[in-house]
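When we follow the numbering used here, the leftmost residue of the sequence shown carries the number 7, and every step to the right adds one.
Yeah, the Cβ is synthetic: ideal placement off N, Cα and C, and Gly gets one too.
Just so we're clear, the structure is a prediction, and the values are computed from it rather than from any experiment.
Let me begin by presenting the structure, written as structure tokens, before commenting on it.
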Amino acid sequence: MNATGKISETRKLIDAARHEGLRVGFVPTMGALHAGHVSLIERARAENGFVVVSIFVNPTQFGANEDLSKYPRTFADDLEACMAAGADLVFHPDADEMYPPDATTTIHVAGVTEPMEGEHRPGHFDGVALVCAKLFNIVGACSAYFGEKDAQQVRVIERVVMDLDLPVEVVRCETVRDQDGLALSSRNRYLSGDERKRALSLSRALRSVESGVANGQRSASVLLDEARQLLDADAVDYFEIVDPTTLACVETVNGPVLVCGAIRIGATRLIDNITVGGRLT
């Protein structure tokens, strides 16, 4: 496995792989890898001849009240995980490599960036859109693998790829959970034992909506009222039932919908979602 922090070297190694006729799979990450990330790398390995993983804690997607310096960084362990999962190349640039000091270009995606995470993290998705566009430009034509736990982020990235005609296939991958149902996240490591137990209330609330729909309830307001009562959090940023394409709130569950929530427990903010009412296509 190769590892480099340089854009030019990354392009050179990927071009060499393409010259050999290898299809490229790409897994963008911010590091602090866990089993969810590993599952993305393993799927990319199974479906492609050359697998690239990026590790970059992107400063442009952190807001004014979010501490970039506290984001977990476990680079040595991350490299071992990438190697074990079958990555061929790890691209690990620093901020100066990715963003020239005089850079002025931004990317804003309207509509799907505005509710939920967009409301509570202003500017976040502008940073996500910009860094993904840059990474896709560096890696080139590829299949890019993203976890469905970040459903709104995936929808934003799909919009960027579509609107900018990027040669990228966005591959959605199922959320990986611990046995108790908690969605895997790099931030879970910050939870104390008691906080972790309380964090499970988010997945229970999501499953409550799923159960309600399975039992014939179609009113979003009724489903949400029942589910929100299960949340044991210091703050609830949002808990909504939304259209999976537009991310607009729905009044009635007729077909597949996303149930999305974000809560704060102590100093830790957690997000999760599930699809209810049928499979997304």
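Can you check which of these residues, the options, is closest to residue i by C-alpha distance?
i: residue 272; options: 173, 185, 241 and 52; result: 241
i: residue 51; options: 156, 62, 89 and 65; result: 89
i: residue 260; options: 59, 40, 42 and 250; result: 250
i: residue 277; options: 170, 225 and 205; result: 205
i: residue 323; options: 185, 47, 234 and 122; result: The chain is shown from 7 up to 287; residue 323 falls before or after that span and cannot be answered.
i: residue 101; options: 74, 124 and 123; result: 74
i: residue 162; options: 134, 56 and 21; result: 134
i: residue 147; options: 29, 200 and 275; result: 29
i: residue 14; options: 171, 99, 111 and 166; result: 99
i: residue 265; options: 112, 229 and 238; result: 229
Skipping 5 residues on each side, what residues in its chain have a beta carbon closer than 7 Å to that of residue i?
i: residue 195; result: 78
i: residue 37; result: 61, 63, 79, 80, 81 and 84
i: residue 154; result: 160, 178, 179, 180 and 181
i: residue 115; result: 131, 135, 162, 165 and 166
Would you list the one or two residues that DSSP bridges to residue i?
i: residue 34; result: 60
i: residue 183; result: 189
i: residue 2; result: Nothing can be reported for residue 2, as the shown portion of the chain is limited to 7 through 287.
i: residue 150; result: 32 and 176
i: residue 258; result: 225
i: residue 245; result: 267
Near residue i, what residues of its chain come up, given a Cβ to Cβ distance below 8 Å and the 5 sequence neighbours on each side ignored?
i: residue 252; result: 117 and 118
i: residue 224; result: 258, 259 and 260
i: residue 254; result: 121 and 248
i: residue 198; result: 272
Just checking my contact of residue i with residue j at CB under 8 Å: how many whole Å lie between their CB atoms?
i: residue 216; j: residue 280; result: 6 Å
i: residue 8; j: residue 95; result: 5 Å
i: residue 191; j: residue 236; result: So it is not a contact: roughly 19 Å between Cβ atoms.
i: residue 174; j: residue 150; result: 5 Å
Only counting the same chain, and skipping five residues up and downstream in sequence, which positions put a Cβ closer than 6 Å to that of residue i?
i: residue 193; result: 274
i: residue 373; result: Coverage of the chain is limited to positions 7 through 287, which leaves residue 373 absent and any answer about it impossible.
i: residue 39; result: 84 and 87
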